[in-house]
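**Student:** Note that my numbering has the sequence shown beginning at 6, numbered continuously upward.
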Amino acid sequence: MDDKDDDQRLPHRLDPNQPCPLETLAELGILYWKLDADIWETDPELKQIRKDRSYSYEEVVNIHPDTLPNYEAKIKSFYEEHIHTDEEIRYILDGSGYFDVRDFEDRWIRIETKKGDLLVLPAGIYHRFTLDTTNYIKALRLFVGEPVWTPYNRPADEMAARKEYLEMFAASKTTAVA
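1. Among residues of its own chain, excluding the 5 on either side of serine 177, which ones have a beta-carbon nearer than 7 Å to its beta-carbon?
2. Using only the alpha-carbon positions, how far apart do valine 65 and leucine 73 sit?
3. Have a look at Thr139, Ile94 and Ile130 and flag the residue whose alpha-carbon is nearest the alpha-carbon of proline 16.
4. Please name the residue in Phe174, Gly129, Tyr170 and Tyr62 whose C-alpha comes closest to that of tyrosine 157.
5. Can you round the beta-carbon distance between valine 149 and tyrosine 37 to whole angstroms, since I take them to be within the 8 Å contact cut?
6. Got a sec? Which residues, its chain only, sit under 6 Å from lysine 134 by beta carbon, not counting five neighbours each side?
7. What are the boundary residues of the alpha helix (DSSP H) that includes tyrosine 76?
8. Considering Cα atoms alone, identify which of Leu33, Glu32 and Leu27 is closest to lysine 39.
9. Mapping DSSP to helix, strand and coil, what is arginine 115?
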């Protein structure tokens with residue numbers, strides 16, 4: 006991802022573009038599935054993922070200037086770099102946007118999300134979210150138990166979730182390289 010200060014909703018690709026393979030995302034602890042969003046309510050694959058990962062709570066959110074109260078402030082807050090103490094699970098039912106995540110060298114990786122993408126960000130990973138220029142996304146938010154969605158803005162390096170993330174994923178990356 007480039008470091009330009011242009012509109013956050015633009016693709017911000019490097020020149021030349023450097024696509025990020027799914028293996029790199031997996032090394033960061035990010036899980037990804039491509040599902041059929043048209044059948045999300047009855048999809049057996051989604052049902053199995055929810056069962057395997059104990060996702061018991063769901064909520065559908067529509068993010069658009071006409072549907073989200075205090076839209077501009079919310080979009081700005083989503084784009085602040087932060088972590089969570091729990092996984093962030095988003096299944097894109099319609100529309101599109103970008104999740105930006107930090108790699109282990111503290112560089113941004115921009116993940117374009119579209120209809121059918123199910124993305125799981127591990128607790129403790131620095132990230133942010135923005136819509137793209139369509140200004141619309143409809144997503145299923147999944148949680149283990151009651152929803153907890155508290156962002157902890159950077160710096161949050163002393164939080165247990167961040168330390169556990171680094172121990173689990175950065176340590177395994179170092180071991181794989183050694």
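From the three backbone atoms N, C-alpha and C, an ideal C-beta is built for every residue, glycine too. The structure displayed is predicted, hence computed values, not measured ones.
**Tutor:** To lay it out plainly:
1. none
2. In this structure, the straight-line span from the alpha carbon of valine 65 to that of leucine 73 is close to 12 Å.
3. Thr139
4. Gly129
5. Actually they do not touch by this definition, with Cβ atoms about 18 Å apart.
6. The sequence shown places phenylalanine at residue 134, not lysine. Answer for phenylalanine 134: Phe83 and Phe104, listed in chain order.
7. 76-83
8. Leu27
9. strand
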